[in-house]
Amino acid sequence: MVLKCACPGCPNREKPAKVRKSALPTPTDDRLTFHTFPVNDPKRLRRWLLAVQRDVDFPLRYVSQMRLCSEHFLPDDFKTGQGKIRRLLKSTAVPSLFLQNKEYARGLIKLRLNL
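Letter 8 of the sequence shown, counting from 1, is numbered 8 in the UniProt record's numbering, and no numbers are missing.
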(Lines of atoms letter the chains of each structure in order from A and count residues from 1; the text may use other names and numbers.)
(Lines give C-alpha, C1' and ligand atoms only; values in the text may rest on other atoms or scores of the structure.)
Protein backbone atom coordinates (compact mmCIF):
# COMPACT_ATOMS: atom_id res chain seq x y z
CA MET A 1 0.00 0.00 0.00
CA VAL A 2 1.36 3.42 -0.97
CA LEU A 3 1.00 6.01 1.77
CA LYS A 4 0.35 9.67 1.02
CA CYS A 5 1.52 12.51 3.23
CA ALA A 6 -1.46 13.80 5.27
CA CYS A 7 -0.45 17.44 4.87
CA PRO A 8 -2.83 19.24 2.49
CA GLY A 9 -1.15 20.00 -0.82
CA CYS A 10 1.91 17.85 -0.19
CA PRO A 11 2.61 15.61 -3.19
CA ASN A 12 4.89 13.16 -1.35
CA ARG A 13 4.06 9.48 -1.26
CA GLU A 14 5.88 6.62 0.37
CA LYS A 15 7.36 4.46 -2.33
CA PRO A 16 9.29 1.27 -1.66
CA ALA A 17 13.11 1.51 -1.70
CA LYS A 18 13.58 4.11 -4.41
CA VAL A 19 15.55 7.30 -4.34
CA ARG A 20 12.83 9.85 -3.82
CA LYS A 21 12.85 13.41 -5.02
CA SER A 22 11.38 15.72 -2.43
CA ALA A 23 9.24 18.80 -2.98
CA LEU A 24 11.16 20.83 -0.38
CA PRO A 25 14.94 20.89 0.02
CA THR A 26 16.18 18.80 2.94
CA PRO A 27 19.56 20.26 3.92
CA THR A 28 20.92 17.60 6.28
CA ASP A 29 19.46 14.38 4.97
CA ASP A 30 17.86 13.81 1.59
CA ARG A 31 15.97 10.67 2.60
CA LEU A 32 12.23 11.17 2.69
CA THR A 33 10.73 9.46 5.74
CA PHE A 34 7.14 9.11 6.93
CA HIS A 35 6.02 9.44 10.53
CA THR A 36 2.87 8.39 12.37
CA PHE A 37 0.80 10.90 14.29
CA PRO A 38 1.42 10.84 18.07
CA VAL A 39 -1.92 9.24 19.00
CA ASN A 40 -0.68 8.37 22.52
CA ASP A 41 0.10 12.01 23.37
CA PRO A 42 -3.18 14.01 23.19
CA LYS A 43 -1.60 17.47 23.56
CA ARG A 44 0.98 16.86 20.85
CA LEU A 45 -1.58 15.14 18.61
CA ARG A 46 -3.78 18.24 18.82
CA ARG A 47 -0.84 20.44 17.74
CA TRP A 48 -0.06 18.12 14.81
CA LEU A 49 -3.70 18.10 13.65
CA LEU A 50 -3.93 21.89 13.85
CA ALA A 51 -0.62 22.23 11.97
CA VAL A 52 -1.93 20.14 9.06
CA GLN A 53 -5.33 21.85 9.08
CA ARG A 54 -7.32 18.86 10.36
CA ASP A 55 -10.18 18.88 12.83
CA VAL A 56 -8.88 18.12 16.34
CA ASP A 57 -11.85 15.76 16.76
CA PHE A 58 -10.84 13.73 13.70
CA PRO A 59 -11.52 10.04 14.59
CA LEU A 60 -8.45 8.30 16.03
CA ARG A 61 -9.01 5.21 13.90
CA TYR A 62 -8.25 7.36 10.83
CA VAL A 63 -5.51 9.46 12.44
CA SER A 64 -3.63 6.29 13.40
CA GLN A 65 -3.41 5.41 9.69
CA MET A 66 -2.19 8.84 8.55
CA ARG A 67 1.48 9.66 7.96
CA LEU A 68 3.36 12.92 7.69
CA CYS A 69 6.53 13.18 5.60
CA SER A 70 9.84 14.43 6.96
CA GLU A 71 9.71 17.59 4.84
CA HIS A 72 7.35 19.19 7.35
CA PHE A 73 9.86 19.03 10.20
CA LEU A 74 12.96 21.07 10.98
CA PRO A 75 16.35 19.29 11.11
CA ASP A 76 16.38 19.93 14.88
CA ASP A 77 13.17 17.89 15.24
CA PHE A 78 15.07 14.66 14.54
CA LYS A 79 17.13 12.58 16.96
CA THR A 80 20.79 12.54 15.97
CA GLY A 81 23.63 10.05 16.09
CA GLN A 82 23.59 6.61 17.69
CA GLY A 83 24.12 4.98 14.28
CA LYS A 84 20.39 4.82 13.60
CA ILE A 85 19.32 3.77 10.14
CA ARG A 86 15.79 5.16 10.59
CA ARG A 87 15.29 8.85 11.24
CA LEU A 88 13.33 9.25 14.44
CA LEU A 89 11.50 12.33 15.62
CA LYS A 90 12.08 13.81 19.05
CA SER A 91 9.12 13.52 21.42
CA THR A 92 8.68 17.31 21.18
CA ALA A 93 8.57 17.52 17.36
CA VAL A 94 5.62 19.31 15.76
CA PRO A 95 5.34 19.85 11.98
CA SER A 96 6.19 23.43 11.04
CA LEU A 97 7.29 23.49 7.37
CA PHE A 98 4.62 23.65 4.68
CA LEU A 99 4.47 24.11 0.91
CA GLN A 100 2.72 27.13 -0.49
CA ASN A 101 0.53 25.29 -2.97
CA LYS A 102 -1.46 27.83 -5.00
CA GLU A 103 -3.59 25.20 -6.75
CA TYR A 104 -4.61 23.72 -3.41
CA ALA A 105 -5.43 27.17 -2.00
CA ARG A 106 -7.54 27.98 -5.08
CA GLY A 107 -9.47 24.73 -4.61
CA LEU A 108 -10.21 25.62 -0.98
CA ILE A 109 -11.43 29.08 -1.96
CA LYS A 110 -13.73 27.59 -4.64
CA LEU A 111 -15.03 25.01 -2.18
CA ARG A 112 -15.81 27.67 0.42
CA LEU A 113 -17.54 29.90 -2.15
CA ASN A 114 -19.75 27.02 -3.27
CA LEU A 115 -20.95 26.21 0.26
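No residue lacks a Cβ here, since even glycine has one placed at the ideal position from N, Cα and C.
Predicted, not measured: the structure shown is a model, and the values here were computed from it.
Return helix, strand or coil for Leu88, following the three-state DSSP convention. Residue 88 sits at position 88 when you count from the first residue of the sequence shown. In this structure, Leu88 counts as coil in the three-state DSSP scheme.
Tell me, please, which residues DSSP counts as bridged to Thr36. Taking the sequence shown and counting its residues from 1, the one referred to as residue 36 is at position 36. In the DSSP output, where bridge partners are listed per residue, Thr36 has Arg67.
Euclidean distance between Cα positions of Cys5 and Arg31: The residue given as residue 5 occupies position 5 in the sequence shown. The residue given as residue 31 occupies position 31 in the sequence shown. Using only the alpha carbons, I get a separation of about 15 Å.
Residues bridged to Leu45 [DSSP beta-bridge criterion]: Position 45 of the sequence shown, counted from the start, is the residue given in the question as residue 45. In DSSP, Leu45 forms no bridge with anything.
For Pro59 and Trp48, which I take to be in contact (beta-carbon distance under 8 Å), what is that distance rounded to the nearest angstrom? Position 59 of the sequence shown, counted from the start, is the residue given in the question as residue 59. Position 48 of the sequence shown, counted from the start, is the residue given in the question as residue 48. In fact, because the Cβ distance is near 15 Å, the residues do not count as touching under 8 Å.
Who pairs with Lys4 in a beta bridge, going by DSSP? In the sequence shown, residue 4 corresponds to position 4, counting from 1. Beta-bridge partners of Lys4 (DSSP): Arg13.
Nearest candidate by alpha-carbon position, reference Phe98, set Cys69, Leu89, Lys79, Gln65: Sequence index remark: in the sequence shown, residue 98 carries index 98 (1-based). Of the listed residues, the one whose Cα sits closest to Phe98 is Cys69.
State buried or exposed for Thr80, treating a residue as buried only when at least 16 other CB atoms are found within 10 Å of its CB. Working through the sequence shown from its first residue, we reach residue 80 at position 80. Exposed: under 16 other Cβ atoms inside 10 Å.
Buried versus exposed call for residue 123 [16 or more other C-beta atoms within 10 Å across all chains shown]: Because residue 123 is not part of the residues shown, which for the chain are 1 to 115, the question remains open.
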